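Note that my numbering has the sequence shown beginning at 10, numbered continuously upward.
Glycine included, C-beta positions come from ideal geometry on N, C-alpha and C.
Bear in mind the structure is a predicted one, so any value in this text is a computation, not a measurement.
Worksheet: the structure to be examined is printed underneath.
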Amino acid sequence: MNQETSNGAIRLVAAAVSVGLILTTALGADESEEGFVPMFNGKDLTGWEGMPGWWEVRDGAIVAESTPAKPSDRTHYLYWKGGEPADYELRGRYRITGAGGNSGIQIRSERRPNWDTWGYQADIDTEGVYTGCLYQHDRGLVAERGQWVVIDAAGQKNITRFADSKTLLDAVKDGDWNEYRILARGPRVVLWINGVLMCLVEDHEKKFALPKGIIALQMHAGPPMRIAFKDLRIRIFDARVAASPTDAGRVALTGP
10 MNQETSNGAI RLVAAAVSVG LILTTALGAD ESEEGFVPMF NGKDLTGWEG MPGWWEVRDG
70 AIVAESTPAK PSDRTHYLYW KGGEPADYEL RGRYRITGAG GNSGIQIRSE RRPNWDTWGY
130 QADIDTEGVY TGCLYQHDRG LVAERGQWVV IDAAGQKNIT RFADSKTLLD AVKDGDWNEY
190 RILARGPRVV LWINGVLMCL VEDHEKKFAL PKGIIALQMH AGPPMRIAFK DLRIRIFDAR
250 VAASPTDAGR VALTGP
């Protein structure tokens with residue numbers, strides 16, 4: 010074996026070990042509810058702000074719906090008014106229906122005019138194309154399901170696949186309630202759906218990797234659809250305190 014081949018083999022082994030460590034810590038991350046506070050009272054839109062006439066509360070859930078009689082001709086968002094957190098874990102359930110339906114949860118984002126946003130999004134759709142992926146308005150898909158993506162300061166992506174995208178989609182319940190779990194800590198963003206790890210991103214490109222920002226819910230332009238969210242809650246981490254080995258942020262601190 011020549012030196013170049015040997016070095017390549019070492020890199021492959023190192024990558025495999027790193028992915029295994031990432032998966033082990035992700036799957037073993039803290040599932041407790043300790044430290045979480047509600048973001049939604051289940052009764053009305055207190056603490057939220059969005060385009061008038063689109064968002065309402067039905068049966069304990071925040072709902073937006075487009076119909077043939079009331080189409081959504083442009084994408085808009087419902088803003089959480091609880092601040093612009095940096096390091097946190099967000100949990101909540103969503104249900105989306107309607108062919109071609111699309112939505113998402115904005116994290117560490119900027120508020121833009123006309124109920125728009127810019128930044129990271131934990132994606133949701135009814136076609137199984139984007140659900141469980143991390144999206145960004147200028148970049149498009151930052152990470153697909155089953156990808157661990159590291160982006161350096163110059164914007165170069167290093168992608169490692171840890172699972173098959175279609176297999177991960179089996180964890181998602183079509184037309185039913187699904188639990189989204191979002192971890193943002195340091196340069197890392199990690200997404201789970203129904204307890205299954207969907208993707209991981211480590212982003213060092215400062216113009217895109219905002220260290221903090223708003224949280225918002227998306228109503229996408231397009232064909233008739235309904236999106237509903239409930240049981241939304243957040244645990245904000247103190248950036249001055251290092252994560253403990255049992256903390257859910259542990260996966261976000263595991264090096265590649």
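*Sort out for me which residues DSSP pairs W186 with in a bridge.*
BP columns for W186 are empty, so no partner.
*Let me know the secondary structure DSSP gives T176 once reduced to three states.*
helix
*Using three-state DSSP, classify D132 as helix, strand or coil.*
strand
_In the DSSP output, what is E65 paired with across the bridge?_
For E65, which the question treats as bridged, DSSP gives the partners V72.
*From V231 to P80, what distance separates their C-alpha atoms?*
Note that residue 231 is Gly in the sequence shown, not Val. When rounded, the distance between both Cα atoms is 7 Å.
*Excluding the 5 residues preceding and the 5 following L177 in the sequence, name in chain order all residues of the same chain whose CB lies nearer than 7 Å to its CB.*
Around L177: G141, R154, G155, V205 and M207.
*Buried versus exposed call for R244 [16 or more other C-beta atoms within 10 Å across all chains shown]*: buried
*Smallest Cα separation from M60: which of D173, P196, A78 and W89?*
W89
*Pull up the CB-CB distance for R117 and G222, whole angstroms please, since I reckon it's below 8 Å.*
4 Å
*Does the beta-carbon distance from Y86 to M228 come in below 9 Å?*
yes
*Tell me whether L36 is buried or exposed, calling it buried when 16 or more other Cβ atoms sit within 10 Å of its Cβ.*
With a pLDDT of only 42 at L36, under the threshold of 50, the placement of this residue in the model should not be trusted, and no figure is reported.
*Determine the direct distance from the alpha carbon of T76 to that of F238, and round the result to whole angstroms.*
18 Å
*Evaluate contact between the segment 91-105 and the segment 174-190, counting only Cβ atoms and requiring at least three cross-stretch pairs below 8 Å.*
yes
*Starting from the N-terminal side, write out each stretch of the beta strand (DSSP E) that is 3 residues or longer and does not extend beyond the segment 82-162.*
85-89, 97-106, 111-121, 125-134, 143-145, 149-152 and 156-160
*Name, in chain order, the residues that DSSP records as bridge partners for I191.*
L99 and L200
*Counting Cβ pairs closer than 8 Å, one from the segment 106-114 and one from the segment 155-173, do we hit at least three?*
no
*Which residues in the same chain have their Cβ closer than 8 Å to the Cβ of G56, if we skip the five residues on either side of it in sequence?*
If you ignore the 5 residues before and after G56, its C-beta comes within less than 8 Å of the C-beta of M48, F49, N50, W89, K90 and G91, all in its own chain and listed in chain order.
_Within 10 Å of its beta-carbon, does I168 have 16 or more other beta-carbons around it, so buried, or fewer, so exposed?_
exposed
_Considering only the alpha carbon of each residue, which of G69, L241 and H213 lies closest to V151?_
H213 is the residue among G69, L241 and H213 whose C-alpha sits nearest the C-alpha of V151.
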